[in-house]
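Residue numbers (the working numbering): 7 to 99.
These notes concern the structure reproduced below.
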Amino acid sequence: MLPKPCPPELRRRALDLLEPGRSVRDVAALLGIAESCLHRWKRLDLLDRGLKSPSPAEAESAALAMARARFDLLDPARFWLAGDGLLGVAGLG
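Structural data, given as C-alpha cells:
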C-alpha cells in the first residue's frame with residue numbers, strides 16, 4: 007500500500023524551512039515526515055528550478071515518458087482495418 011500523498015502546502019513549508027540552512031533531519035522531525043521524502047522533495051525542487059541537472063537515469067526516464075505519450079497517440083486500438091486498407095481514426099469517421 008502506498009503512503010497517502012502530502013498536501014502541496016506541506017511540501018512548500020518543508021522546502022522553505024530548509025532554505026535558512028536547517029538540516030533535512032531537523033525539518034523532517036519537526037514536520038513528522040520521513041527524511042527520504044524530504045530529500046526527494048528537495049531534489050525535485052532543485053530540478054524544477056533549474057539549479058540541478060537531471061541524472062542520466064532521470065533524463066532517460068523523462069525520454070521514455072515522452073515516447074510513451076507519443077505511442078499512446080498512435081495506439082492501434084484507435085484505428086481499424088477493413089479489407090486491405092485503413093479506413094480511418096476511430097471517432098473521426
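Where a beta carbon is used, it is the ideal one built from N, C-alpha and C, also for glycine.
(message) Are the CB atoms of ALA20 and ILE39 within a distance shorter than 9 Å?
(response) yes
(request) Measure the C-alpha to C-alpha separation of ASP51 and LEU37 and round it to an integer number of angstroms. (result) Rounded to whole angstroms, ASP51 to LEU37 spans 18 Å at the Cα level.
(request) Just list the beta strand (DSSP E) runs in the stretch 10-96, keeping only unbroken ones of 3 residues or longer that don't cross its boundaries, in chain order. (result) Here the runs fully enclosed are 85-88 and 91-95.
(message) Looking only at its chain, what residues have a beta carbon closer than 8 Å to the beta carbon of GLU41, apart from the 5 residues adjacent to it on each side?
(response) VAL30, ARG31 and ALA34
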